[in-house]
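One structure below.
Dropping the structure here:
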């Protein structure tokens with residue numbers, strides 16, 4: 004089973020490349036944002052617990068998110084693998100994910116980290132903001148802050164996966180096809 008953690012700052016092209024990986028390797032896309040919305044819409048016990056936190060403006064605890072991921076994995080035992088998108092975001096979440104996957108004998112294969120220079124990220128996000136209508140993609144200072152927060156928060160995760168020889172930095176500059184080819188090369192090395 005191929006389990007990939009897809010990482011990168013805002014504007015790095017994670018969504019675009021996730022689609023390529025899903026198509027190329029038959030992987031299931033596991034987005035924690037989608038999971039939360041689906042569980043709440045289905046009024047599952049975990050969804051209702053998450054909703055209580057969200058309604059109070061609080062972060063959903065890791066245990067609830069891990070429970071949702073566990074349910075998704077158990078519901079898709081025939082999957083060729085998963086792309087984890089938006090999770091883990093902290094070392095504690097990475098450890099919880101490792102524990103869950105190792106219990107099933109399907110550990111994380113690798114963390115693919117799209118690396119793009121800051122100026123390019125800002126340009127991509129501003130361009131996306133023109134067509135998406137997302138307010139957080141239209142303001143330089145908001146974009147700069149998002150990138151800075153990402154860099155501060157993810158360094159420990161990169162180190163966590165590097166210590167397991169599972170971190171693969173991927174040059175995220177160039178055409179979609181060039182970046183996809185680099186991802187394919189990294190996956191061959193897993």
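Numbering (my numbering), first residue to last: 4 to 193. Ideal Cβ positions, reconstructed from N, Cα and C, are used throughout, including at glycine. Predicted, not measured: the structure shown is a model, and the values here were computed from it.
{"Check": "Inter-stretch contact at 8 Å, needing at least 3 Cβ pairs: the region 40-50 / the region 15-28", "Outcome": "no"}
{"Check": "Nearest-angstrom beta carbon gap, residue 125 and residue 146 [assumed within contact, 8 Å]", "Outcome": "5 Å"}
{"Check": "Option nearest residue 116 by Cα separation, candidates 127, 35, 186 and 62", "Outcome": "186"}
{"Check": "According to DSSP, residues forming a beta bridge with residue 173", "Outcome": "117"}
{"Check": "At least three beta-carbon pairs within less than 8 Å, the region 145-164 to the region 70-78", "Outcome": "no"}
{"Check": "Inter-stretch contact (C-beta, 8 Å, three-pair minimum) for the region 5-14 and the region 55-62", "Outcome": "no"}
{"Check": "Buried versus exposed, by CB contacts within 10 Å (16 or more), residue 114", "Outcome": "buried"}
{"Check": "Closest by C-alpha distance to residue 19, when choosing among 175, 190, 189 and 192", "Outcome": "175"}
{"Check": "For residue 168 and residue 190, the rounded distance between their alpha carbons", "Outcome": "13 Å"}
{"Check": "Beta-carbon gap between residue 163 and residue 97 smaller than 8 Å", "Outcome": "yes"}
{"Check": "Same chain only: Cβ atoms within 6 Å of residue 87, ignoring 5 sequence neighbours per side", "Outcome": "8 and 33"}
{"Check": "C-alpha gap between residue 81 and residue 152, whole angstroms", "Outcome": "36 Å"}
{"Check": "Beta-carbon gap between residue 69 and residue 103 smaller than 8 Å", "Outcome": "yes"}
{"Check": "Per-residue DSSP class, three states only, for residue 105", "Outcome": "helix"}
{"Check": "Reduced DSSP category for residue 90 - H, G, I as helix; E, B as strand; rest coil", "Outcome": "coil"}
{"Check": "Minimum length 3: unbroken beta strand (DSSP E) runs contained in the region 118-185", "Outcome": "170-174"}
{"Check": "Inter-residue spacing [alpha-carbon to alpha-carbon] between residue 41 and residue 90", "Outcome": "16 Å"}
{"Check": "Proximity to residue 192 [Cα-Cα], best of 171, 128, 132 and 178", "Outcome": "171"}
{"Check": "Contiguous beta strand (DSSP E) assignments of at least 3 residues, all confined to the region 38-88", "Outcome": "84-88"}
{"Check": "For residue 27, the three-state DSSP class (helix, strand or coil)", "Outcome": "helix"}
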